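*Asks:* Numbers in the working numbering are just positions in the sequence shown, counted from 1, shifted up by 236. Quick one: the structure is below, questions incoming.
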Amino acid sequence: PPTCGTTPPPCGSCTATATTTNVWGDRYNTSVTVSGASTWTVVVAIPSPQQVSTTWNGTASWDGSGNMTMRSNGSGNTFGFTTMFNGNSGARPQIRSCTAG
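Right, here's the structure in full:
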C-alpha cells in the first residue's frame, strides 16, 4: 500500500496545472492537467463576474462563491472548461486545491 511521507505532494493530494488554450472575443478555454492521482477533486476559483458555460472530462459543481469543483469521471487526467469574460477579460481561473481520491 502507498505510504505518506514528507516529500511533496503530500499523501492524499495531487497537482493540477491550468493553461489557457484558446481565447475569443467573449470567452476562453482552460485546460487543466492533474498529476499524482487517477481519481481526483480539483477546486478552481473563477474570477468574478466571469461564468463557466461549458465543461468536459469531469463532473462539475459550484459553491456560489465563485469556486468550481471538478471531480474525475473516468475520462482521464485532463479536464477543461469554457469561461465567458462578462466584462473581466484580464483575469484567469486559479487552482485552489487538488485532492486525490
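Heads up, the beta-carbon is just placed ideally off N, CA and C, and yes, glycines get one too. Please read all numbers here as calculations on a predicted model, not as lab measurements.
Quick check: Gly-337 and Ser-311, are their CB atoms within less than 8 Å of each other?
*Replies:* No.
*Asks:* From Val-288 to Asn-313, what does the alpha carbon distance come to, in whole angstroms?
*Replies:* Distance between the alpha carbons of Val-288 and Asn-313: 20 Å.
*Asks:* DSSP on Thr-319, reduced to helix/strand/coil?
*Replies:* Residue state, collapsed to three classes: strand.
*Asks:* Under the three-state reduction of DSSP, which class applies to Asn-313: helix, strand or coil?
*Replies:* Note: Asn-313 maps to coil in three-state DSSP.
*Asks:* Once you ignore the five residues that flank Ile-282 on each side, which residues in its own chain have a CB closer than 8 Å to its CB?
*Replies:* Only Val-288, Gly-302, Asn-303, Met-304, Thr-319, Pro-329 meet the Cβ criterion.
*Asks:* Can you tell which of Gly-261, Ala-273, Asn-324, Thr-266 has the C-alpha that lies nearest to the C-alpha of Ile-334?
*Replies:* Before going further, note that residue 334 is Cys rather than Ile in the sequence given. Selected option, being the one with the closest Cα: Ala-273.
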